[in-house]
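This report concerns only the one structure given below.
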Amino acid sequence: MAQILVVDDSATVRNEVSSFLQQQGLNIETAVDGKDGLDKLKRDNGIKLVISDVNMPNMDGLTMVEKVRNELGNKVVNIIMLTTESDPRMKERGKAAGVKGWIVKPFNGNAVIGGIKKLVGA
Amino acid sequence: MESNNIVSKVLIHEICNDAQGYLKSFCQQQNLVGLKDTTKSIMDIFHLHTDLGAAFLCEGIDADGNSGLEIGTEIRKMRPELPLFLRRESLETPLPEQYASVFAGCYTTDNMQQLKELVESHLFSTFYPMPLIRGIQELSNEAFHTTIRNVRVECDSPYMVKDQVIYGELFSLIPLESHWCRGFMMLQTTEAEMMSMIAHGNTSLGNEEPSFRDVNHILNEITNMVWGGIKSRFFVNDGTVADDLIGNKIHVPILVNHGRKFISFGTTEPHLCFRYTIQSETNDSPPIEIYQKLIFNLNWQPELFKECEQATDDMVDSGELEFF
Numbered sequence: 001m002a003q004i005l006v007v008d009d010s011a012t013v014r015n016e017v018s019s020f021l022q023q024q025g026l027n028i029e030t031a032v033d034g035k036d037g038l039d040k041l042k043r044d045n046g047i048k049l050v051i052s053d054v055n056m057p058n059m060d061g062l063t064m065v066e067k068v069r070n071e072l073g074n075k076v077v078n079i080i081m082l083t084t085e086s087d088p089r090m091k092e093r094g095k096a097a098g099v100k101g102w103i104v105k106p107f108n109g110n111a112v113i114g115g116i117k118k119l120v121g122a
Numbered sequence: 001m002e003s004n005n006i007v008s009k010v011l012i013h014e015i016c017n018d019a020q021g022y023l024k025s026f027c028q029q030q031n032l033v034g035l036k037d038t039t040k041s042i043m044d045i046f047h048l049h050t051d052l053g054a055a056f057l058c059e060g061i062d063a064d065g066n067s068g069l070e071i072g073t074e075i076r077k078m079r080p081e082l083p084l085f086l087r088r089e090s091l092e093t094p095l096p097e098q099y100a101s102v103f104a105g106c107y108t109t110d111n112m113q114q115l116k117e118l119v120e121s122h123l124f125s126t127f128y129p130m131p132l133i134r135g136i137q138e139l140s141n142e143a144f145h146t147t148i149r150n151v152r153v154e155c156d157s158p159y160m161v162k163d164q165v166i167y168g169e170l171f172s173l174i175p176l177e178s179h180w181c182r183g184f185m186m187l188q189t190t191e192a193e194m195m196s197m198i199a200h201g202n203t204s205l206g207n208e209e210p211s212f213r214d215v216n217h218i219l220n221e222i223t224n225m226v227w228g229g230i231k232s233r234f235f236v237n238d239g240t241v242a243d244d245l246i247g248n249k250i251h252v253p254i255l256v257n258h259g260r261k262f263i264s265f266g267t268t269e270p271h272l273c274f275r276y277t278i279q280s281e282t283n284d285s286p287p288i289e290i291y292q293k294l295i296f297n298l299n300w301q302p303e304l305f306k307e308c309e310q311a312t313d314d315m316v317d318s319g320e321l322e323f324f
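Chains as they are written, first to last, in the working numbering: chain P, 1 to 122; chain D, 1 to 324.
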């Protein structure tokens, strides 16, 4: 059972983030966009944390968050965004939708692993 | 080399030694990089260079028996967007009618001011704020280093390109939209060099036998990171312009001719271009060349440009987790 779902349309980012977190002993699942992420969250209710990009095809990351909270009714899973976006209004939208934290790319595993482990309860 | 002076590459086909001397000084003064066609035929040079700003020709007959009028006519057929400037002995008689539309302008070496005015109106007609130029170079450099590991990145001086020819087999295209500019950014490159870099473990894909899709992933991520950086640093709306006024505006078709490797954004304005060379630190892969072109074909109001210092101050450092 995965602890963390990494949602990003970029294979390079999925690989980089997943590899780092697996090296830290965490179980990882990946999804290629918001729609895929939503489907995987529906199927696996053991996921503790979602790390998601914002700008993705088919369904963007913030829409996915809104659907997780409203359509799935999942108020428990922690969600952080990993994105090139840093517009304060975008962050506000994320915060209102129930996003727990925000990382501006590039991903720096060592800088964020403490926070991630805390959110996963590892 | 990294420089902020905007230059332009021009092809020089000149038979007169004195005129060559004048053009050499002129190019130095006007931020032009002159390419002389001494070793290759002029048409070969056009096949090798997809990033020219203009060509300087002369009316006389060259060693191959071709006049600048005939050469200009051939170039015009091949690269109609490229301005051609013709040196004449005298401007008293007009050009024959069939050549009048071939050349953007004529000049004599007695009055290089004429040529300066021609170059300014055809090549350096658009003002680009220096903080934007520097910022694009910095953001791109960071994106390359993040996506491709253990490499050295060099950036030529930014330059203006009239050519609309696509470099390499692969390019990405993403819109750039703000209250002060609207257009596109393109990244153009070749596949084999990027594939070699992936195969040698310089990316997070870790694939010894990469496919063209792996190359797409890398260029996609670089494009995304540069775009995000530009958006964050230069496109933050201070609230004086409604968001729905930024994106909901006119569009024009983008035309691509695959056979001719040609792309048109419907504008005759020169594109702002940066050429990057990405070299593996261990030299086990051939260098990657990336051409980054910015085309603000839908709106360009640099007087409204403002680097978002306030927004930058408010931001958390990239890579760190900001808890809400």
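Even for Gly, the Cβ is constructed at its ideal location relative to N, Cα and C.
Every value quoted in this text rests on a predicted model; they were computed, and no experiment measured them.
Asked, Found
"Which of helix, strand or coil DSSP assigns to P/V120", "helix"
"P/D87 at chain D interface by Cβ criterion, 8 Å", "yes"
"Cβ neighbour criterion (16 or more within 10 Å) applied to P/E16", "buried"
"Three-way DSSP call (helix, strand, coil) for D/E320 in this model", "coil"
"Assigned exposure category for D/A63 - 16 Cβ within 10 Å defines buried", "exposed"
"Short CB-CB distance (under 8 Å) between D/F324 and chain P", "yes"
"Straight-line gap, D/E322 to D/T147 (C-alpha atoms, nearest Å)", "23 Å"
"Alpha helix (DSSP H) segment containing P/M64, residue limits", "61-70"
"P/I116 beta carbon less than 8 Å from that of P/K100", "no"
"Touching by the beta-carbon criterion (3+ pairs, under 8 Å), the stretch 161-171 of chain D and the stretch 179-195 of chain D", "yes"
"Identity of the residue in D/P253, D/R275, D/C106, D/E81 nearest D/G183 by Cα", "D/P253"
"Interface residues of chain D facing P/G115 [CB-CB closer than 8 Å]", "L321, F323"
"Of the listed residues P/V112, P/G34, P/N45, P/T84, nearest to P/V76 (C-alpha basis)", "P/N45"
"Cβ contact (3+ pairs, closer than 8 Å) linking the stretch 279-295 of chain D and the stretch 70-82 of chain D", "no"
"8 Å contact criterion, which D/E81 and D/D163 should meet: CB distance rounded", "7 Å"
"Cβ neighbours of P/L49 in the same chain (closer than 8 Å, five flanking residues each side left out)", "Q3, I4, L5, V77, N78, I79, I80, I116, L119, V120"
"D/A311 versus D/R233 - alpha carbon distance", "Here the model assigns D/A311 a pLDDT of 46, short of 50, so the residue's position is not dependable and the matter cannot be decided."
"Presumed contact (8 Å Cβ cut-off) between P/K105 and P/L82, rounded CB distance", "6 Å"
"Three-state secondary structure assigned by DSSP to D/S8", "strand"
"Simplified DSSP assignment, three categories, for D/I15", "coil"
"Residues in the stretch 221-233 of chain D having any Cβ partner in chain P nearer than 8 Å", "E221, N224, M225, W227, G228, G229, K231, S232"
"Supposed close pair P/L38, P/M59 - CB separation, criterion 8 Å", "7 Å"
"For D/E14 and D/Q20, the rounded distance between their alpha carbons", "6 Å"
"CB contact flag (D/S280, D/H217, <8 Å)", "no"
"Closer than 9 Å at the beta carbon, the chain D residues around P/P57", "In chain order: nothing, as chain D lies at least about 11 Å away."
"P/S18 versus D/H251, D/L205, D/T277, residue with shortest Cα-Cα distance", "D/L205"
"Min CB distance P/S52 to chain D below 8 Å", "no"
"Closest residue to D/L57 among D/V102, D/P131, D/M197, D/K306 (Cα-Cα distance)", "D/V102"
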